[in-house]
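Participant: Protein chains in written order, with the working numbering: chain A, 59 to 441; chain B, 138 to 325; chain C, 4 to 114; chain D, 7 to 436.
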């Protein structure tokens, strides 16, 4: 049933008939709707409240990031990637910097890599916190939102102390880091770890065994591992369907191979499993943080990179495990100071394609839950 | 004239009757003349509530309560529900009255004539000539016994004669539930 | 209080008759099934009003325990509920098949 | 003039509600008192909900208008009244106008029979509880017409959802209510539907119906407590106004004054259903433990509690006056808080006067119990996610309804156990 190839596309040309008669009602959810996380527009074809099919209309936030890259030097383009997934800006920067470093055949020094890992994992936690808050809010629990925002604040404080910015941090530079860590950075991270551990329990206490939460999320938006692979869905959504695929383990980048952590997976591929997987991922991120903050080596933070970057002619694809899934950068260099083409593979955009499969046969209220569980950021979908 | 067993003061003055009666008649006229079925339903609700007021004037508070709960709160919600489910926009542009409207009004007029004839008939009784329902037979009852009285009528072993009818009514409701489900459900 | 101003059973009966007539006119002249059903409700209510008025009249003769009219009124309300449920169910089934709710278009016994 | 004074004073010696006594003057006074009190408690409820919810969610809530945001509801009311009253294009104007008034009328009319004390009710109706259920069920008409008249998809779906929800839960609610009403009939005085009669029955039977026939009373109460949340469209059953799905449900297209009417109706309906629950299961105006801690000493002790409670609240205000920042900008706020505390303390002192004490502690206990329910409502909202529509219906029809039927039969069996046993014995002896 959920084989994406056999799904008939949504027919929007025939006019909608009255409510009970043909039982088809076309409803336009968004672009201004409180639960579409920005400016996603979803056209729903309904039978009563049952979803027969849906179509996403995207592009309301399109800013032409990829095209902008062709008119900027490699360094100049770096801040732009932060504006794609603004919730996980650090991860976006990491992917881009590593891709260009690969193109230039340089490698960031170990100290820089450790600090990169710390900041990226903090960012993963922040992103998951934001997801949890908004997802719970969509399902009707308003309190977790305030809890997660309270705790996310601590992460943003660390960012602010480190580089002055909170959201679009532009923390990394090609070849390493621009800034050395501030005094007490390690202490702050350690404090955060000890502060945040009980907080996860607090979130779980509100939701994990809550009957209404279970009823709203179990067996909702089910997608099988096969379908996920067929549609290119990655990240926690894929792992919740039982596929143990994490780029940090599969194709280790940065220095993730030095760290000991597990890949949490689910079994049923439903919204509840995705919730559990993300909660576990936060815990695993804490494990990585503990190891990384203990082992930060001394040394330089910047590799030797030329002032004017002219990578050799060629192309490179580099992907990292962003909080939302596989974030890939495909960069074609023509040997000049500006990239010939930059193509971003955003996890949100690819994951969003599974929405139709996951929502068919469910109810309208489930569409909201599924949009929440996919954890999309429209800045990244539209770029 | 000796006052009858006056336990309660009069519920309200006769003006209340005329006011409620006027509301009911105007509501009834709106019900059968409006194009928009929702307006008709609202007018019918007003009529029903006014009628509940009349029941209170007749010292029948339990029937008034049942009228509010069942009619205004139950049946009319069902009506509104159905009106909203079916597309009424198209229906409002069509002809509202059928071809036999003249015949209908004539028949209703004849019926009305019959009513007038019945209510004005004067019969000879030992107490003199009077209509079927003489004026001025107001009496007051112990209002607080109304619900208990109805319960006695329905359930009491000695006074109650409607126990069987009550059971039949429940059977009727069961049949109605099943019938409505069969009718309205697309796939069973 | 003036005896002419006093509200007697006859007042209620006349009001009931007027409502009954309005209901009959509605049933006989309207095309919209929903409004016809509402007119039937009007008729039933007119009957109820009469019954409760009779009940009071009866009570003046047989004492406050003789509530037959009110019991009848309650049975009729029950009946009206059943009638509305089934009638509206038929209406929906009909509308789904024929896309109309006009009675004069219901002129076939099968389709 | 003397006659009028006589007429007014004659009621005071009577020990019954003004409606029963047929005293129009006092009935009007009571109607006005209930109306003003209700409006005040809706205002207070608005502030309390925002503050309590805020503190549950690690924020402060309104803090700017008045000390601790005490004047925020008034500021909101002024804002709402000054807002443009928008009627959407293509809306059915008359119905759109009328709908909020239906809801408000239904929500306010039920208070005619709510017993705040043995004599503190506008009237005592023979069909009190039936009247309350019936009139509160009229609110759904307003909601349905509001959704339909807006001529928009989201309000229509919200209206359909809410009518289906309210009609479904009314059934379970009615069953729970019947089981409690049935409990009143297991005494010598016979059963009653009157709200005051129900509380009197709890007094004479010496038990709140919550504890009666353990655990049947509790089950009935729980059914009612679930159904009443659904009836008032509050979290976790707030589907008709599910913000994340239907933007605002049936009142999406409403603004300004008309919207505030819906708001007013929602809160007064919450108070109304809570009063039903308090009357039916929690012993209405009766003080706690009337049968365990009886005697005139305990009566006297409990009659001091209302005054003490207000004094405590006033004391809290003064304590917080000391904690206010000493900055000159906060001077007005500090004075305001002190004034508020003084008013509360004054009320507390007045409540100690013997004449007032005897008359008003009923009202205090009733209000305190209703306030506990109000807190529950806020607590639910802070804790629970929202049910899905089919799950809501499943709970209503497949869980609450059969439980209600079973409860009804069990209550009858337990209540009539002596008669039943006698009959069984008779059969065996034959």
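We put the beta carbon where it would ideally sit given N, CA and C, even for glycine. Please read these numbers as outputs of a predicted model, since none were measured by experiment.
In chain C, which residues lie with their C-beta within 7 Å of the C-beta of residue 154 of chain B?
Facilitator: 10, 14
Participant: Looking at the unbroken beta strand (DSSP E) that takes in residue 377 of chain A, where does it start and where does it end?
Facilitator: 372-380
Participant: Give me whichever residues DSSP pairs with residue 397 of chain A in a beta bridge.
Facilitator: A/391
Participant: If the cut-off is 8 Å on Cβ atoms, which residues from the segment 130-148 of chain D count as contacting chain B, listed in chain order?
Facilitator: The residues in question are 131, 132, 133, 136, 137, 139, 140, 141, 143, 144, 146, 147.
Participant: With 16 other CB atoms within 10 Å as the buried threshold, where does residue 414 of chain A fall?
Facilitator: Label assigned to residue 414 of chain A: buried.
Participant: Cα separation between residue 262 of chain D and residue 221 of chain B?
Facilitator: 26 Å
Participant: Does residue 199 of chain D have its Cβ less than 8 Å from a Cβ in chain B?
Facilitator: yes
Participant: For chain B, check one thing: does any of its Cβ atoms lie closer than 8 Å to the Cβ of residue 71 of chain C?
Facilitator: Interface residue, yes.
Participant: Report yes if the C-beta distance between residue 84 of chain A and residue 102 of chain A is below 8 Å; otherwise report no.
Facilitator: Cβ distance < 8 Å, so residue 84 of chain A and residue 102 of chain A count as in contact.
Participant: Could you tell me whether the segment 100-112 of chain D touches the segment 349-360 of chain D, using the rule of 3 or more Cβ pairs below 8 Å?
Facilitator: They do not touch, by the three-pair rule.
Participant: Anything in chain C within Cβ reach of residue 306 of chain B, meaning under 7 Å, just list it in chain order.
Facilitator: 78, 81
Participant: Answer with buried or exposed for residue 437 of chain D, where buried requires no fewer than 16 other C-beta atoms within 10 angstroms of its C-beta.
Facilitator: With chain D covering only 7 through 436, there is no way to say anything about residue 437 of chain D.
Participant: Under the rule that 16 or more other beta-carbon atoms within 10 Å means buried, what is residue 9 of chain D, buried or exposed?
Facilitator: exposed
Participant: Using the three-state DSSP reduction, which class does residue 113 of chain A fall into: helix, strand or coil?
Facilitator: Residue 113 of chain A falls in the strand class under three-state DSSP.
Participant: Starting from residue 105 of chain A, follow the beta strand (DSSP E) in both directions and report where the run begins and ends.
Facilitator: 99-105
Participant: Is the segment 102-118 of chain A in contact with the segment 415-422 of chain A, if contact means three or more CB pairs nearer than 8 Å?
Facilitator: yes
Participant: Select from B/183, B/218, B/169, B/191 the residue whose C-alpha is nearest the C-alpha of residue 19 of chain C.
Facilitator: B/191
Participant: Return the chain-ordered list of same chain residues with a C-beta closer than 6 Å to the C-beta of residue 189 of chain A, the five sequence neighbours on each side being excluded.
Facilitator: Residues of the same chain with a CB within less than 6 Å of the CB of residue 189 of chain A, apart from the 5 flanking positions on each side, are 433 in chain order.
Participant: For the candidate residues A/96, A/164, A/379, whose alpha-carbon lies nearest to that of residue 368 of chain A?
Facilitator: A/164
Participant: Assign residue 108 of chain C to buried or exposed, taking buried as 16 or more other Cβ atoms, counted over all protein chains shown, within 10 Å of its Cβ.
Facilitator: exposed
Participant: Using only alpha-carbon positions, find the residue among D/160, D/337, D/169 that is nearest to residue 109 of chain D.
Facilitator: The candidate whose alpha carbon is nearest that of residue 109 of chain D is D/169.
Participant: Three or more C-beta pairs closer than 8 Å, one from the segment 177-188 of chain D and one from the segment 212-227 of chain D: is that the case here?
Facilitator: yes
Participant: Any C-beta of chain C within less than 8 Å: which residues of the segment 312-323 of chain B qualify?
Facilitator: 312, 313, 314, 316, 317, 318, 319, 320, 321, 323
Participant: To the nearest angstrom, report how far apart residue 100 of chain C and residue 189 of chain B are at their CA atoms.
Facilitator: Residue 100 of chain C and residue 189 of chain B: Cα-Cα distance of roughly 38 Å.
Participant: Listing by chain order, which chain B residues have their CB less than 8 Å from the CB of residue 95 of chain C?
Facilitator: 219, 222, 223, 320, 321
Participant: How about residue 29 of chain C and residue 47 of chain C: are their beta carbons less than 8 Å apart?
Facilitator: no
Participant: What does the alpha-carbon distance come out to for the pair residue 403 of chain A and residue 174 of chain A?
Facilitator: 21 Å
Participant: Please tell me whether residue 391 of chain D has its Cβ less than 8 Å away from any Cβ of chain A.
Facilitator: yes
Participant: Relative to the C-alpha of residue 83 of chain C, which residue among C/34, C/42, C/32, C/13 is closest?
Facilitator: C/42
Participant: For the pair the segment 172-183 of chain D and the segment 401-410 of chain D, tell me if three or more CB-CB distances fall below 8 Å.
Facilitator: yes
Participant: Please list the segments of the alpha helix (DSSP H) lying wholly inside the segment 121-155 of chain A, counting only runs of 4 or more residues, in order along the chain.
Facilitator: Counting only runs of 4 or more, we get 123-127, 132-140.
Participant: Would a check of beta-carbon distances place residue 208 of chain A closer than 8 Å to chain D?
Facilitator: yes
Participant: Under 9 Å between beta-carbons, which chain D residues line up against residue 199 of chain B? List them in chain order, please.
Facilitator: 132, 133, 136, 199
Participant: At what residue ranges does the segment 188-252 of chain A contain a whole run of the alpha helix (DSSP H), taking only runs of 4 or more?
Facilitator: 201-221
Participant: Which chain B residues sit within Cβ distance under 8 Å of residue 158 of chain D?
Facilitator: None at all; the shortest Cβ gap to chain B is about 13 Å.
Participant: Report, in whole angstroms, the separation of the C-beta atoms of residue 91 of chain D and residue 155 of chain D, which I expect to be a contact under 8 Å.
Facilitator: Wrong, their Cβ atoms sit about 14 Å apart, outside the cutoff.
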